[in-house]
Structure formats: C-alpha cells, structure tokens
Amino acid sequence: MARRLTWTYPPGLKPVAEYLLLSPSPAVVSVAEADDVAPIMAAISDWDDVISWTVYPAVTADQGMEMAKKTMA
2 MARRLTWTYP PGLKPVAEYL LLSPSPAVVS VAEADDVAPI MAAISDWDDV ISWTVYPAVT
62 ADQGMEMAKK TMA
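Per the numbering used here, the very first residue in the sequence shown carries number 2; after that it's consecutive.
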C-alpha cells in the first residue's frame, strides 16, 4: 500500500477510476484513458514485479455504436 500511495500514473495515462476490491483476484480494477499503448506499458512495467496485469481495451457504448455503423456502411 505504501508503494501505491507514492506512485503516479505515467504521463499520457489519465486515471478515470480505481477500485480496491474485497476479493483476492482481482484485487484492484483501474480504469484509465490513453491515446497510445506506451503509457499503459509503462504502468505495467512499474508494477510487474509484484502483480499480474490483464488489460482490456474498451470504448464507450456510443463509440462502439459509431464504429459499428461505419463497418456496416
């Protein structure tokens, strides 16, 4: 916990939400925005000595619907 209290998200990775779960796995869920994969990789490398990461790219429902419209046209 002390390490997390002093850690900051890398430049280019904007935190949206962070949840500490009452479960062993996953124990933390972080939601962040980035325009590039590099800051995500930087965050992973900051912590890969102590935790296992699973990264799921996501878009909002509105963004997903717009993408679907473009692929159906």
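The C-beta atom is built at its ideal place from N, Cα and C for all residues, glycine as well.
If you run the structure through DSSP and keep just helix, strand and coil, what is residue 27? coil
Quick one: grab the DSSP three-state call for residue 33. strand
Given 8 Å as the limit, is there contact between the stretch 30-48 and the stretch 60-74, that is, 3 or more CB pairs closer than that? no
Spatial neighbours of residue 16 within its chain, please: C-beta separation below 6 Å, excluding the five flanking residues on both sides. Taken in chain order, the residues that qualify are 10, 33.
When the Cα atoms are used, what is the spatial distance from residue 55 to residue 74? 33 Å
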